[in-house]
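Just remember that our numbering sits 23 ahead of the position in the sequence shown, which is counted from 1.
Idealized CB from N, CA, C, for every residue including glycine.
Have a look at the structure below, then the notes.
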Amino acid sequence: MAISTYLKARGLSSDKVMLTYGVSGDKAQNKLALTQFNKLLKQHGSVTGKITDIMGSVWAHGRFKFPYLRGTLWEKGIMVDTFETATNWNHIDEQMQQMQEAVRTSLADECEEVMAFTHISHVYKQGASLYTTYFFRAAKDHASTLSRWQKIKHAASLSLANGTATISHQHGVGRDHAPYLAAEKGKLGIQVTHDMLKSLDPEQRMNPGVLIKE
Numbered sequence: 024m025a026i027s028t029y030l031k032a033r034g035l036s037s038d039k040v041m042l043t044y045g046v047s048g049d050k051a052q053n054k055l056a057l058t059q060f061n062k063l064l065k066q067h068g069s070v071t072g073k074i075t076d077i078m079g080s081v082w083a084h085g086r087f088k089f090p091y092l093r094g095t096l097w098e099k100g101i102m103v104d105t106f107e108t109a110t111n112w113n114h115i116d117e118q119m120q121q122m123q124e125a126v127r128t129s130l131a132d133e134c135e136e137v138m139a140f141t142h143i144s145h146v147y148k149q150g151a152s153l154y155t156t157y158f159f160r161a162a163k164d165h166a167s168t169l170s171r172w173q174k175i176k177h178a179a180s181l182s183l184a185n186g187t188a189t190i191s192h193q194h195g196v197g198r199d200h201a202p203y204l205a206a207e208k209g210k211l212g213i214q215v216t217h218d219m220l221k222s223l224d225p226e227q228r229m230n231p232g233v234l235i236k237e
């Protein structure tokens, strides 16, 4: 491909990654933000320019088409789901490998394969969010398909609870994630959450019994 040849000529080999980013605000704010950000990227060996702008435009063009692809896959018997977490930079590679391996082998008892891949969706000074998408084959009926999803979900959540990451980054913690919350918060954290809910929601109007079992 022309893009690969161009990037190779610019010194980027097979270990290259693509960073998609954008800014918002008025023209003056955007110009300043882009100037500062591009300067930071160049300090770390990035390649920017018209050809990379084209790549970003291609990504943006199909940004909101995935739900339609997901629907088509479901009709073909391929289930698709995602989960996300966040961890410190020094744990990114290890945590990603652990959770992807957990997902890929989660249906081994049924001799079924699961395909999983991960991208970094949000970056911060201290760490980043890992966002994993996985595909698995639907079973013969809805109950069996749900059982497969539950196995995958448990394997993924367990890899986070036993690792160095949070059980949720931006999706929140509800019924599915609640069983793994104690591993992250600890006994004291769970007690503080319990006391806070008891004080701030004495009439129990805010989904009682979801995060903390009474």
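Whose C-beta lies closer than 7 angstroms to the C-beta of residue i among residues of the same chain, with five residues either side of it excluded?
i	result
Gln121	Ser182 and Gly186
Val233	Gly197, Arg198 and Ala201
Lys174	Ser129 and Leu130
Gly212	none
Gly79	Thr43
Asn61	Thr71
DSSP on residue i, reduced to helix/strand/coil?
i	result
Glu107	strand
His142	strand
Met122	helix
Ile175	helix
Thr28	helix
Ser152	strand
Phe87	coil
Arg93	helix
Met78	helix
Ile101	strand
Can you tell which of the options has the C-alpha that lies nearest to the C-alpha of residue i?
i	options	result
Ile101	Lys210, Glu135 and Leu204	Glu135
Thr156	Tyr147, Val137, Ser167 and His145	Val137
Tyr260	Ala178, Ala131, Ser167 and Ile115	Because the chain in this structure spans residues 24 to 237, residue 260 falls outside the shown range and cannot be described.
Glu107	His145, Arg93, Lys88 and Gly85	His145
Gly150	Thr168, Glu133, Asn113 and Thr141	Asn113
Met41	Thr58, Leu55, Ile77 and Lys54	Ile77
Gly34	Gly195, His67 and Lys210	His67
Gln118	Glu226, Ser180 and Leu223	Ser180
Ser69	Lys31, Lys50, Arg86 and Asp49	Lys31
Asp38	Val103, Pro225 and Ser27	Ser27
Mark residue i as exposed unless 16 or more other C-beta atoms lie within 10 angstroms of its C-beta, in which case mark it buried.
i	result
Glu98	exposed
Val81	exposed
Thr110	buried
Arg171	buried
Leu153	buried
Ala188	buried
Tyr44	exposed
Ile190	buried
Leu204	buried
His192	buried
Measuring only the C-alpha atoms, how far is residue i from residue j?
i	j	result
Glu124	His142	15 angstroms
Leu63	Lys54	14 angstroms
Leu92	Val126	21 angstroms
Arg160	Asp132	14 angstroms
Lys50	Gln59	14 angstroms
Leu216	Lys65	Note that residue 216 is Thr in the sequence shown here, rather than Leu. In a straight line, the C-alpha of Thr216 is about 44 angstroms away from that of Lys65.
Ser36	Ala25	14 angstroms
In chain order, what residues of the same chain lie with their CB nearer than 8 angstroms to the CB of residue i, ignoring the 5 residues before and after it?
i	result
Lys177	In the sequence as presented, Lys is not what sits at residue 177; that position holds His. Counting only Cβ-Cβ distances below 8 angstroms, and skipping sequence neighbours, we find Ser129.
Kindly list the residues whose CB is nearer than 6 angstroms to the CB of residue i, restricted to its own chain and excluding five residues on each side of it in sequence; keep chain order.
i	result
Val103	Arg93, Leu96 and Phe158
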